[in-house]
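Here is the structure we will look at, set down as structure tokens.
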Amino acid sequence: MDSHSQYAMQLVSASLVPMVLKAAIELGVLRLYGLAPVAKYFIRDQDGASLATLLNYCNDKVNTYSWYHLADAVLEGGIPFTKTYGMDVVEYLGKDTRCGEIFKNSMKEFNPILMKEILENYKGFEGVNTLVDVGGGDGTILNMIVSKYPTIKGINYDLASVIEKSPSYPGIEHIAGDMFVRIPKGDAIFMKVSD
110 MDSHSQYAMQ LVSASLVPMV LKAAIELGVL RLYGLAPVAK YFIRDQDGAS LATLLNYCND
170 KVNTYSWYHL ADAVLEGGIP FTKTYGMDVV EYLGKDTRCG EIFKNSMKEF NPILMKEILE
230 NYKGFEGVNT LVDVGGGDGT ILNMIVSKYP TIKGINYDLA SVIEKSPSYP GIEHIAGDMF
290 VRIPKGDAIF MKVSD
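With the numbering used here, you'll find the sequence shown wraps up at 304, consecutive numbering, no jumps.
Here is the structure:
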């Protein structure tokens with residue numbers, strides 16, 4: 110073994126590495142990097158939620174490919190996603206199981222973060238008797254609202270394929286339908302838009 114190889118082996122030995130790193134830092138040869146404050150949103154919080162799965166969904170190849178049709182959409186009208194896949198996002202997510210799962214998981218983690226802020230700061234649910242959550246998914250968000258405001262009768266309204274898989278919650282009625290055809294009556298409508 111030549112002297113350079115021996116020296117390299119000494120550097121990687123467990124006893125020398127800490128001393129070499131300390132010396133490099135003290136001499137300003139090595140910079141330490143860490144997470145910026147914004148990174149806290151991408152690490153699981155005390156409730157186990159993070160925005161990492163939403164970032165994963167937003168940067169999935171299915172979404173990024175639609176950017177190639179942005180110029181077409183601007184010049185000709187329309188939506189880049191629809192121009193790319195010939196259908197809207199909701200229809201696509203129903204057909205692409207992999208992307209649909211990524212989206213569903215991103216919402217499961219994003220919704221508690223969003224709703225925690227809303228429920229701590231927004232007082233608009235006070236005095237509401239019937240609240241309709243349009244596109245309410247499995248009813249998780251509406252359950253969070255009704256749990257804080259138990260006098261509210263909740264109506265979780267989504268497509269039949271979603272409602273049939275939704276768990277039951279106290280004070281919430283699941284109704285299947287198409288929001289472009291009809292929306293159940295209530296004192297207030299809650300609708301979260303993610304794109």
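Cβ coordinates follow ideal geometry from the N, Cα and C atoms, glycine included.
This structure is a prediction, so every number in the text was calculated from the model and none was measured.
Residues bridged to residue i (per DSSP)
i	result
GLY263	LEU240, ILE281
ALA297	LEU240
Sequence-distant residues of the same chain with beta carbon closer than 8 angstroms to residue i, five excluded per side
i	result
ASP205	VAL171
GLY187	ASP181
Contacting residues, own chain, Cβ-Cβ under 6 angstroms from residue i (five flanking each side not counted)
i	result
GLU235	none
VAL288	As written in the sequence, residue 288 is Met, which differs from the Val given in the question. Same-chain partners within the cutoff: VAL243.
Check whether residue i and residue j have beta carbons under 9 angstroms apart
i	j	result
LEU202	PRO189	no
PHE151	LEU139	no
ASN265	GLY246	yes
GLY244	ASN252	no
MET224	ILE250	yes
PHE299	LEU228	no
TYR258	VAL271	no
Own chain partners of residue i with C-beta closer than 7 angstroms, once the 5 adjacent residues on each side are dropped
i	result
PHE212	TYR166, LEU202
ILE281	GLY248, LEU251, ASN252, VAL255, GLY263, ASN265
Counted within 10 angstroms of its Cβ, other Cβ atoms place residue i as buried (16 or more) or exposed
i	result
ASN220	buried
GLU200	exposed
LEU160	buried
MET216	buried
THR193	buried
GLU273	exposed
GLU210	exposed
SER175	buried
Problem - Ranges of the alpha helix (DSSP H) found wholly within the stretch 132-220, counting only runs of at least 4 - result: 161-167, 170-174, 179-185, 189-194, 198-204
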